[in-house]
Amino acid sequence: LLIYKLIKKFYKTYGIPCIINTSFNNHEEPIVCSPSDAINCLKKKNIDFLVINNFLVTK
Numbered sequence: 161l162l163i164y165k166l167i168k169k170f171y172k173t174y175g176i177p178c179i180i181n182t183s184f185n186n187h188e189e190p191i192v193c194s195p196s197d198a199i200n201c202l203k204k205k206n207i208d209f210l211v212i213n214n215f216l217v218t219k
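In our numbering, each number is its position in the sequence shown, counted from 1, plus 160.
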């Protein structure tokens with residue numbers, strides 16, 4: 161149900177009815193395993209925002 165709500169909200173906001181799940185890491189680095197890893201990845205990649213638990217993290 162959470163995924164359905166997320167996709168529905170994403171569609172209403174951006175007009176795109178899908179979300180792609182891919183590996184979350186920078187080139188030649190291990191996959192993100194912690195909030196700290198995720199924030200470091202956010203700084204280096206073309207990512208607009210992160211959702212970590214109930215927090216929205218932006219650049």
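From the three backbone atoms N, C-alpha and C, an ideal C-beta is built for every residue, glycine too.
Just so you know, these numbers come straight off a predicted model, no measurement behind them.
Sheet register partners of Val-211 (DSSP bridge): Leu-216
Beta-carbon spacing of Asn-185, Ile-191 below 7 Å: yes
Inter-residue Cα distance where the pair is Pro-177 and Lys-219: About 25 Å.
Outcome for Leu-202 when other beta-carbon atoms lying within 10 angstroms are tallied against a minimum of 16: buried
Residue from Pro-195, Lys-168 and Tyr-174 with nearest C-alpha to Asn-214: Of the candidates Pro-195, Lys-168 and Tyr-174, the one whose C-alpha sits nearest the C-alpha of Asn-214 is Pro-195.
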